[in-house]
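Heads up: the sequence shown begins at 0 in numbering that gives the first Met the number 0, then just goes up one per residue.
Just so you know, even glycine gets a beta-carbon here, dropped at the ideal spot from N, CA and C.
What follows is a set of notes on a single structure, which appears directly below.
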Amino acid sequence: MCKAMVVRAGSGWGKALVKQLIGANVEVVAYSGSQRKLESLQEAFSSSPLLRTVRGEAGNRTDLLAAAEGVDVIFCGVYLTYDDNPEKVRRMLKAVRSIALMSGAKMVTLEGVYRPVDEKEPVNSNVPGTTSMRIFSPELYGEAASNTIIHYALRKIVQGKPVKQLIDPSVRRDYLYVDDAARYVLELASMETAYGSNWHLRGGGPISQAELLDLAGSIVQDAPRFEPIGGLQQHFLRWYEPTAKKMLDRYERLVDNLGTFGTEYSGVSPTSYKEGIASTIKSMMAKQNHGY
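Structure follows, in structure tokens:
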């Protein structure tokens, strides 16, 4: 792989992947609709001649095709955050798939756990073509991973506030450090034999939210506090609580049945939860101290 394009490069996982690609001496086209996020990438990698940023809509085939000129692989991530828009995701995937065929580039899609409740199958869960692959991921955490349930909880710990019990904190799930996710995806994309298959990534192993927050609490030197949702908040939650419950139920089934979505890939030297949470919390604390 000599040249790659990262669609939605301004996202947390997108930034982590750009970092991995540049570190592997791959020329990168960072594609995003946000000029602010592109400028942040330019600042972060100002010393590297390998980065080129392009502003454009993820579903715009004309913009995508122009940006994809000469690229070997196109990467995109979907449903890695709870605020992903299903219609925009479908439009983006359709456009990227079309551009990959037109340009001759390979296509790699990373799918997270926040799929819409009305989708019975994972996005692109059918057997992929010989020049594409689908990779399924546990919930991501880390400095670059935001707009997830675990990110919300960790932010409350840093702020010294109680964590609302959106989920049962004792349920054990698999989580994956965002930098590891980017590294694993790059490793798979660099193997010709990996294309034409579905893959699922393994994280650090089953752990409960309570255990993760205990690790976070040891960094800020304050034990985590959980607070049930009630009163007026409970009244408003009734509007979307059934949807949230279905999403979380599906997430738990996804963790239990990841093997049905493809071949397991664990990678080597994964970041331990202790190390990953410590790095995440210290980064959050630094941003808070600087007023970000």
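{"query": "May I ask you to report which of helix, strand or coil DSSP gives Tyr-140?", "result": "strand"}
{"query": "Work out the CA separation of Leu-139 and Asp-255 for me, nearest whole Å.", "result": "Residue placement at Asp-255 cannot be trusted, given a pLDDT of 49 that sits under 50; the coordinates are not used to answer."}
{"query": "Locate the beta strand (DSSP E) running through Arg-54, then write down its first and last residues.", "result": "50 to 54"}
{"query": "With DSSP as the reference, label Pro-85 as helix, strand or coil.", "result": "helix"}
{"query": "Would DSSP call Ser-131 helix, strand or coil?", "result": "strand"}
{"query": "Could you give the uninterrupted runs of the beta strand (DSSP E) lying entirely in the segment 145 to 178, keeping only those of 3 residues or more?", "result": "171 to 176"}
{"query": "For a quick check, are the C-beta atoms of Val-53 and Ala-104 less than 8 Å apart?", "result": "no"}
{"query": "If we ignore side chains and look at the alpha-carbon of each, how far apart do Lys-36 and Gly-76 end up?", "result": "16 Å"}
{"query": "Can you give me the Cβ contacts of Met-329 inside the same chain, cut-off strictly under 7 Å, excluding the 5 residues immediately before and after it?", "result": "Because the chain spans 0 through 291 in this model, residue 329 falls outside it and cannot be assessed."}
{"query": "Answer with buried or exposed for Asp-179, where buried requires no fewer than 16 other C-beta atoms within 10 angstroms of its C-beta.", "result": "buried"}
{"query": "When the Cα atoms are used, what is the spatial distance from Ala-222 to Gly-159?", "result": "9 Å"}
{"query": "What does Phe-225 pair with, by DSSP beta-bridge criteria?", "result": "Val-162"}
{"query": "Secondary structure at Val-95, three-state DSSP: helix, strand or coil?", "result": "helix"}
{"query": "On the three-state DSSP scale, how would you describe Asn-288?", "result": "helix"}
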